[in-house]
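Residue numbers (my numbering), protein chains in the order written: chain A, 15 to 185; chain B, 287 to 434.
Below is one structure; the comments refer to it alone.
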């Protein structure tokens with residue numbers, strides 16, 4: 015037992031002789047400030063990704079516009095609305111199908127929500143069918159063949175929007 | 287000099303350990319958007335015939351049956367997400383939409399639990415959920431039924 019006491023006493027004295035309380039505070043400060051500043055480094059910030067808003071380029075009333083990579087229906091852009099909003103007199107369906115499209119301008123993939131606009135008869139202009147990653151109807155959440163107006167008060171389909179809801183995650 | 291280098295190394299190690307223990311929030315949010323949001327909506331409010339997550343989802347893990355329900359519900363059990371991603375997105379939903387419904391002693395889902403329970407998906411879900419909510423209410427685990 016005495017042996018242990020002597021060992022720990024010696025160790026404690028040795029540490030006390032070689033270090034100071036101020037030194038400990040200084041080193042602790044370095045560790046805390048150093049650790050906290052790591053996320054501020056350019057490398058760490060770069061991994062947090064690009065801005066959420068895509069750079070828009072091209073004609074949004076064309077089927078080839080990047081946001082419409084999986085659209086199946088009439089473009090609201092040609093029907094009195096925009097790719098983000100419904101034409102006056104229609105109601106946006108709350109339920110929708112969601113996919114991703116790659117924006118060729120900034121090279122990033124975005125999550126697109128294809129909310130249908132409902133309540134007024136089919137718009138009839140700018141009919142587009144691009145089925146990238148469209149799945150059969152038994153994968154209903156990934157099928158663009160469904161009338162998503164099922165989620166609104168009227169089941170009558172008018173046109174489709176293509177709203178960016180976020181950046182796609184890449185492993 | 288050596289001590290300073292050591293300190294910096296320790297800070298780096300600690301910082302890395304903290305990040306690996308956390309859930310991958312970006313991936314969880316993305317998976318919610320891709321596989322849940324289409325029906326449950328961006329803010330978790332749901333809609334016609336789609337249950338509301340916001341301010342409610344946290345009630346379920348207050349009982350073992352409710353805890354299992356969130357994994358066995360077809361949208362979870364039959365999803366294309368792997369066990370890790372499913373555990374992650376369930377925890378993300380509870381943290382982000384649970385609000386006051388989440389109990390203080392809530393324990394996040396882990397991969398093993400999700401892996402085991404999703405093997406037994408629910409076939410009939412509407413009545414099951416209704417009965418479960420009634421059960422939780424009778425046990426005073428839900429004080430006010432906001433969405434049945």
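Don't be surprised by glycine CBs; every beta carbon is placed ideally from N, CA and C.
Predicted, not measured: the structure shown is a model, and the values here were computed from it.
Contact set for residue i: own chain, Cβ-Cβ below 7 Å, skip 5 residues either direction
i: residue 107/A; result: 129, 130, 132, 162, 163, 165, 166
i: residue 144/A; result: 77, 82, 83, 84, 85
i: residue 388/B; result: 344, 380
i: residue 173/A; result: 87, 88, 89, 90, 93, 95, 101, 131, 137
i: residue 237/B; result: Missing from the structure shown is residue 237/B; chain B here goes from 287 to 434 and no further.
i: residue 433/B; result: In this prediction, residue 433/B has a pLDDT of 47, which is less than 50 and means its spatial position is unreliable; what the coordinates show is noted afterwards. Cβ neighbours of residue 433/B beyond the five flanking positions: 337, 338, 342.
i: residue 318/B; result: 375, 378, 379
Chain A residues whose Cβ lies nearer than 8 Å to that of residue i
i: residue 330/B; result: In chain order: nothing, as chain A lies at least about 12 Å away.
Cβ distance (whole Å) where residue i is taken to contact residue j below 8 Å
i: residue 357/B; j: residue 403/B; result: 4 Å
i: residue 422/B; j: residue 348/B; result: 6 Å
i: residue 375/B; j: residue 314/B; result: 5 Å
i: residue 341/B; j: residue 386/B; result: 7 Å
i: residue 69/A; j: residue 120/A; result: 5 Å
Sheet register partners of residue i (DSSP bridge)
i: residue 93/A; result: In the DSSP output, where bridge partners are listed per residue, residue 93/A has none listed.
i: residue 190/A; result: Outside the modelled stretch of chain A, which goes from 15 to 185, sits residue 190/A, for which no answer is possible.
i: residue 178/A; result: 126/A
i: residue 105/A; result: 132/A
i: residue 141/A; result: 88/A
i: residue 333/B; result: 336/B
i: residue 171/A; result: 132/A
Among the options, nearest to residue i - alpha-carbon criterion
i: residue 409/B; options: 348/B, 353/B, 364/B, 384/B; result: 364/B
i: residue 146/A; options: 71/A, 112/A, 69/A; result: 112/A
i: residue 126/A; options: 95/A, 158/A, 138/A; result: 158/A
i: residue 115/A; options: 19/A, 179/A, 168/A; result: 179/A
i: residue 339/B; options: 317/B, 398/B, 368/B, 382/B; result: 382/B
i: residue 400/B; options: 350/B, 373/B, 324/B, 416/B; result: 373/B
i: residue 184/A; options: 124/A, 175/A, 74/A, 176/A; result: 124/A
i: residue 371/B; options: 427/B, 322/B, 412/B; result: 322/B
Within chain E, partners of residue i - CB distance below 7 Å
i: residue 26/A; result: The chain labelled as chain E is not found among the protein chains of the depicted structure, namely A and B.
Chain-ordered neighbours of residue i on chain B, where CB pairs are closer than 9 Å
i: residue 110/A; result: 323, 324, 325, 327
Chain-order list of residues whose beta-carbon lies under 8 Å from that of residue i (same chain, five-residue window excluded)
i: residue 393/B; result: 347
i: residue 406/B; result: 358, 363
i: residue 105/A; result: 131, 132, 133, 166, 167, 168
i: residue 330/B; result: 338, 339, 340, 343, 379, 382, 383
i: residue 135/A; result: 170, 172
Amino acids of chain A, ordered along the chain, whose beta-carbon sits closer than 7 Å to that of residue i
i: residue 334/B; result: 165
i: residue 320/B; result: 112, 125
Interface residues of chain A facing residue i [CB-CB closer than 9 Å]
i: residue 313/B; result: 183, 185
Per-residue contacts from residue i into chain B (C-beta, under 7 Å)
i: residue 179/A; result: 319, 328
Within chain B, partners of residue i - CB distance below 8 Å
i: residue 155/A; result: 321, 324, 325
Cβ neighbours of residue i in the same chain (closer than 6 Å, five flanking residues each side left out)
i: residue 156/A; result: 149
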